[in-house]
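Peer 1: So the sequence shown is residues 568 to 749, counted in the working numbering.
All C-beta atoms in this analysis are idealised placements derived from N, C-alpha and C, irrespective of residue type, glycine included.
Starting off with a structure, shown below.
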Amino acid sequence: MKVKKDSTDRQVTTTKLKVVGILVLPLFYLGAYLTISATNIYRETIIHWTIPLLIWLTSGFCILPFTYSFLKESGEKSYTLWQLLYNCITFGGIIYYLVMTLNFSFPYSSISRQKIKIIEKGHLSSFRSCGNPYARVIINDNNKELIFDCGTNIDKSTNVELTIKNGLLGFDIISNKILTDE
């Protein structure tokens, strides 16, 4: 026995798709923007790269049961992989940004200074910017690239002096970096 759909079912479905469309795309762009912003904060934070990645991915996996039925395409096809990717970029980006910003914005007053040997130097490749110079160092068993402003000459430098603060969530923050040749 076939059930005939009437026009009210179609209107509800159309309205639901419009609401989903209005919410989904701006949230996606917000999550992508916040992921990039949090990555810029990550560059000034001494943290192993797996921790932000796990925050980003775990948030996407945890939110999937809540968004699955909301984002499910009508029909019998399953788009779980696309929904997972959407969730990681959107909600993972938002949560990743909140964690990194919270740690970065509220450091403790304790300050330490360290002189660290540069193990590699170079310039970032970019087609729109000057190719910022960077120095690779090892800080607290973390391999870190310290990125400097355009025009900074790093060729003669062998060490970098860092001023480090302890962040709210326990991850150290680089508040100042000075190149030295000693």
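Using 10 angstroms around the beta-carbon of Cys629, count the other beta-carbons present and answer buried if the total reaches 16, otherwise exposed.
Peer 2: Sequence index remark: in the sequence shown, residue 629 carries index 62 (1-based). Classification of Cys629: exposed, given that the 10 Å Cβ count is below 16.
Peer 1: With DSSP as the reference, label Ser604 as helix, strand or coil.
Peer 2: For the purposes of this step, residue 604 is identified with residue 37 of the sequence shown, where counting begins at 1. In the structure shown, Ser604 sits in a helix (DSSP, three-state: H, G or I).
Peer 1: Could you work out which residue in Gly627, Phe673, Thr634, Ser677 is closest to Ile656 when comparing CA atoms only?
Peer 2: Translated into the one-based positions of the sequence shown, residue 656 becomes position 89. Of Gly627, Phe673, Thr634, Ser677, the residue nearest in Cα terms is Gly627.
Peer 1: Among Cys697, Glu712, Arg695, which residue has its Cα nearest to the Cα of Arg703?
Peer 2: The residue labelled residue 703 in the question sits at position 136 within the sequence shown. Among Cys697, Glu712, Arg695, the Cα nearest to that of Arg703 belongs to Glu712.
Peer 1: Note the first and the last residue of the continuous alpha helix (DSSP H) segment covering Ser679.
Peer 2: Walking along the sequence shown from the start, residue 679 turns up at place 112. No alpha helix (DSSP H) holds Ser679; the beta strand (DSSP E) holding it covers 678-684.
Peer 1: Note down, in chain order, each residue of its chain lying with its Cβ closer than 7 Å to the Cβ of Phe738, except the 5 sequence neighbours on either side.
Peer 2: Stepping through the sequence shown from its first residue, residue 738 is reached at position 171. Closer than 7 Å at Cβ, skipping near neighbours: Thr612, Ile613, Ile614, Asn670.
Peer 1: On the premise that Phe715 lies in contact with Asn726, defined as a C-beta separation below 8 Å, what is that separation, rounded to the nearest angstrom?
Peer 2: Translated into the one-based positions of the sequence shown, residue 726 becomes position 159. Translated into the one-based positions of the sequence shown, residue 715 becomes position 148. 14 Å between Cβ atoms; not a contact.
Peer 1: Between the beta-carbon of Ile731 and the beta-carbon of Ile745, is there less than 8 Å?
Peer 2: Reading the sequence shown from its first residue, position 164 is the one you call residue 731. Reading the sequence shown from its first residue, position 178 is the one you call residue 745. Not a contact, by the Cβ cut-off of 8 Å.
Peer 1: State yes or no: is the C-beta of Phe673 within less than 8 Å of the C-beta of Leu735?
Peer 2: Reading the sequence shown from its first residue, position 106 is the one you call residue 673. Reading the sequence shown from its first residue, position 168 is the one you call residue 735. Going by C-beta atoms, Phe673 is nearer than 8 Å to Leu735.
Peer 1: Note the first and the last residue of the continuous alpha helix (DSSP H) segment covering Leu651.
Peer 2: Sequence index remark: in the sequence shown, residue 651 carries index 84 (1-based). Unbroken alpha helix (DSSP H) run through Leu651: 647-654.
Peer 1: For the beta strand (DSSP E) containing Gly689, list its first residue and its last residue.
Peer 2: Here residue 689 corresponds to residue number 122 of the sequence shown, with the count starting at 1. Its beta strand (DSSP E) spans residues 687-690.
Peer 1: Take Tyr609 as the anchor and find which of Tyr675, Thr647, Gly660 has the nearest alpha-carbon.
Peer 2: Taking the first residue of the sequence shown as position 1, residue 609 is located at position 42. When each option's Cα is compared against that of Tyr609, the closest is Gly660.
Peer 1: Could you check the C-alpha separation between Asn707 and Ser742 for me, to the nearest Å?
Peer 2: Position 140 of the sequence shown holds residue 707. Position 175 of the sequence shown holds residue 742. Whole-angstrom Cα-Cα distance: 16 Å.
Peer 1: DSSP three-state label for Ile721, please.
Peer 2: Walking along the sequence shown from the start, residue 721 turns up at place 154. If DSSP states are grouped into helix, strand and coil, Ile721 belongs with coil.
Peer 1: So, is Gly689 buried or exposed, given that buried needs 16 or more other C-beta atoms within 10 angstroms?
Peer 2: One-based indexing of the sequence shown puts residue 689 at position 122. Under this definition Gly689 is an exposed residue.
Peer 1: Excluding the 5 residues preceding and the 5 following Trp623 in the sequence, name in chain order all residues of the same chain whose CB lies nearer than 8 Å to its CB.
Peer 2: On the sequence shown, position 56 is the one that residue 623 refers to. So the list reads Thr602, Cys655, Gly659, Gly660, Ile662, Tyr663, once near-sequence residues are dropped.
Peer 1: Measure the C-alpha to C-alpha separation of Leu691 and Gln681 and round it to an integer number of angstroms.
Peer 2: If you number the sequence shown from 1, residue 691 lands on position 124. If you number the sequence shown from 1, residue 681 lands on position 114. Each residue's Cα considered, the two are about 24 Å apart.
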